[in-house]
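Residue numbers (the numbering used here): 176 to 502.
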């Protein structure tokens, strides 16, 4: 018979090695006790990480009284961790009990340095229901694995809009920040930003509105006079939106709902200071001039790139700038 104390018995060393290195080579969570009911705790919040001489220190907060303990996962930066897959056990490095402190803490003494690793922390209740993960890493979104150092300039914007329920990911912990954004998706983001709910019944719509997730948004925006389309009763909802059209659409909606923000006084440049203003179409000039001189659009390397297709990260940053300056 093999007992727990045999782990420390030198005569059982061969058996112990087999158990530790083959049978129990991977950590695992206790299975959920579904038959007793319950539901997962809320996702932890306010994750931070700090590299210390003796390891990486993770901290987070959690106000859910149902949380009993936490699971700590670690993977390489850029990887997408699916905590619901069997493979997630390979990334599980520890479980820790919830303390009575306001800020929870874990020291990963097996890893030093933050450039190549990213952590995920989940909360579990006494029946082992597991929450969604809080992602923690250097230059890393708390919610999306693919928003990291390459898009460090947009992390606060993307996480801030996610916290407000304005944006969602695309699938499996990804935001696709460098993917171009469609005209319909940007419209939905803007309407969500200002609490403009789509009508359940739409009487008049664009002829290309179809029967899609965006259909009622288009009909609602048209009825409210927020959008005009591209002519011939078309909106081209699935076409990628250019940066200048993004500025125009946003400016028009802000004007219609009476939310045009005041000048922030943070403008570093006038419109004339950019090298590519001759690429701006006449219909977009007023909107871009206002947004630039209000300090809400800053461009990059003295260029506004008005005809370039907007990315999801750029759209998020623009919306975040606007919302942050509306009182």
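Built from N, CA and C at the ideal position, the CB exists for glycine as well. The structure presented is a predicted model; accordingly, all values stated were derived computationally and were not measured.
Residues of the same chain with a CB within less than 8 Å of the CB of residue 392, apart from the 5 flanking positions on each side, are 359, 362, 363, 366 and 373 in chain order. Take residue 454, set aside five residues on each side of it, and the residues of its chain with a beta-carbon closer than 7 Å to its own are 481 and 482, in chain order. Beta-bridge partners assigned by DSSP to residue 234: 223 and 280. Distances from the CA of residue 227 to each of 315, 285, 389 and 340 were compared; the closest alpha carbon is that of 285. Straight-line measurement puts the Cα of residue 437 at about 42 Å from the Cα of residue 280. For residue 390, the enclosing alpha helix (DSSP H) begins and ends at 390 to 398.
Contact between residue 247 and residue 271 holds, with the beta-carbon distance rounding to 7 Å and staying under 8 Å.
Burial is judged here by how many other beta carbons sit within 10 angstroms of a residue's own beta carbon; residue 459 has at least 16 and is buried.
By the Cβ rule, the segment 325 to 334 does not count as touching the segment 259 to 270, because fewer than three pairs are nearer than 8 Å. Secondary structure note for residue 298: its beta strand (DSSP E) is the uninterrupted segment 292 to 299. Counted as a single uninterrupted DSSP element, the alpha helix (DSSP H) harbouring residue 491 occupies residues 487 to 499. About 18 Å separates the CB atoms of residue 496 and residue 478; that is not less than 8 Å, and the two are not in contact. In this structure, residue 442 lies near residue 467, with their beta-carbon atoms less than 9 Å apart. Between the segment 333 to 340 and the segment 251 to 259, the count of Cβ pairs shorter than 8 Å is below three; the stretches do not touch. Residue 262 has its alpha-carbon roughly 28 Å from the corresponding atom of residue 229.
Residue 389 is positioned such that its CB atom lies no closer than 9 Å to that of residue 402. The C-alpha of residue 322 lies about 16 Å from the C-alpha of residue 485. Here residue 189 is exposed, its C-beta having fewer than 16 other C-beta atoms within 10 Å. Nearest Cα to residue 317 within the set 447, 235, 400 and 368: 235.
Membership of residue 205 in any alpha helix (DSSP H) is not indicated, and neither H nor E is assigned to it by DSSP. For residue 272, the uninterrupted beta strand (DSSP E) segment begins and ends at 267 to 272. In the assembly as shown, residue 348 is a buried residue. Its beta-carbon has 16 or more other beta-carbons within 10 Å. Annotated as distal: residue 220 and residue 300, with beta-carbon spacing of 9 Å or more. Closest option to residue 382, judged by alpha-carbon separation, among 406, 186 and 435: 406.
Between residue 231 and residue 287, the C-beta gap is smaller than 9 Å, which places the two residues in contact.
With respect to residue 298, residue 215 sits close: the two C-beta atoms are nearer than 9 Å. For a cut-off of 8 Å, the C-beta gap from residue 498 to residue 357 is around 21 Å, too long to register as a contact.
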